[in-house]
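Going by this note's numbering, the first residue of the sequence shown is number 70, and it counts up by one from there.
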Amino acid sequence: MGFWEKFLTDPYYLGKFTLVENIFLFSGVILWAYVYFALIVDSNRKQFVEMPVFIACGNIVWEFLWGFVIQEDMGIVLNWGYKIAFLLDVLIFYNIYRFGQKQFKISISISEYRFLLLVLLLSWGALIYTYYANRYDLFTGSNSAYILNLFISGMYPVLFLSTNDNRLFSYPIAWCKFLGTVFFTLFLFLYFPKEYFVLCLGVLVFIADAYYVYLFAKTRK
């Protein structure tokens with residue numbers, strides 16, 4: 070078996086999923102990689118992180134667990150996608166650590182804020198790992214990922230409206246977050262057509278993301 074044949078047919082590489090499914094996965098990974106890269110650049114420039122603190126803690130814990138701790142046969146695209154996402158998220162979380170307090174409307178001391186981050190990290194870690202250990206998740210981690218994604222998609226418009234300053238947020242990030250998740254959701258409909266829980270989550274995330282893009286576009290006029 071030649072290299073390319075093995076690369077395309079071996080489940081460890083691309084053989085786990087069909088060509089179309091791999092294209093959807095790869096497209097989602099690329100768009101979300103842009104989201105993370107843009108979040109890093111923008112947060113350094115604006116000294117404000119647009120990803121809500123509450124979900125940023127869950128996000129980095131999820132990527133660490135599914136990228137490095139939990140071992141599932143999910144193919145190379147997802148496996149390395151999760152690892153790369155975690156490495157980028159370390160830089161995002163560093164800015165959450167530095168600038169995340171600016172999201173709050175009430176005064177909170179640095180020590181209180183750092184304690185809150187620690188509690189959120191530990192809480193999300195316990196929830197995500199026990200959710201997997203009790204076999205509630207899929208081998209791709211999609212159930213827990215989309216629960217987190219629904220939090221992200223639901224909290225983004227709230228933070229956007231509460232700050233009342235669209236200059237702190239990125240329109241390209243809004244679109245790439247929306248489209249990246251659309252590609253992942255299309256993959257779910259193809260590969261997990263009877264996993265109704267995660268498919269329902271996918272539809273809800275789509276609605277919330279579409280609303281955020283609409284809301285952002287409306288404020289730009």
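By construction, the Cβ of each residue, glycine as well, lies at the ideal position given by its N, Cα and C atoms.
Owing to the predicted nature of the structure, the values given are computational and were not obtained by experimental measurement.
**Asked** Residue range of the alpha helix (DSSP H) that K75 falls in?
**Response** Segment F72 to T78, the alpha helix (DSSP H) holding K75.
**Message:** Let me make sure I understand the geometry here. Which of I276, I99 and L273 has the alpha-carbon closest to that of L147?
**Reply:** I99
**Request:** Measure the C-alpha to C-alpha separation of I145 and G271 and round it to an integer number of angstroms.
**Result:** 23 angstroms
**Test item: CB-CB of V267 and L257 under 7 angstroms** = yes
**Message:** In whole angstroms, give me the CA-to-CA distance for L160 and Q116.
**Reply:** L160 and Q116 have their C-alpha atoms some 13 angstroms from each other.
**Asked** When you compare only the Cα positions, how much space is there between L190 and Y166?
**Response** Approximately 12 angstroms, taken between the alpha carbons.
**Request:** Mind checking which residues open and close the alpha helix (DSSP H) that includes M120?
**Result:** No alpha helix (DSSP H) holds M120; DSSP gives it neither H nor E.
**Prompt:** Within this structure, are the beta carbons of F229 and F238 separated by less than 7 angstroms?
**Reply:** yes
**DSSP three-state assignment for D206, whether helix, strand or coil** = coil
**Request:** Please list the segments of the beta strand (DSSP E) lying wholly inside the segment 120-194, counting only runs of 3 or more residues, in order along the chain.
**Result:** Runs found: none.
**Item:** Buried/exposed call for E132, threshold 16 Cβ in 10 Å
**Value:** buried
**Message:** Would I197 and L156 be called neighbours here (beta carbons separated by less than 7 angstroms)?
**Reply:** no
**Request:** Thinking D142 and F76 are a contact (beta carbons under 8 angstroms), I'd like their distance in whole angstroms, please.
**Result:** No, D142 and F76 are not in contact; Cβ-Cβ is about 16 angstroms, not under 8 angstroms.
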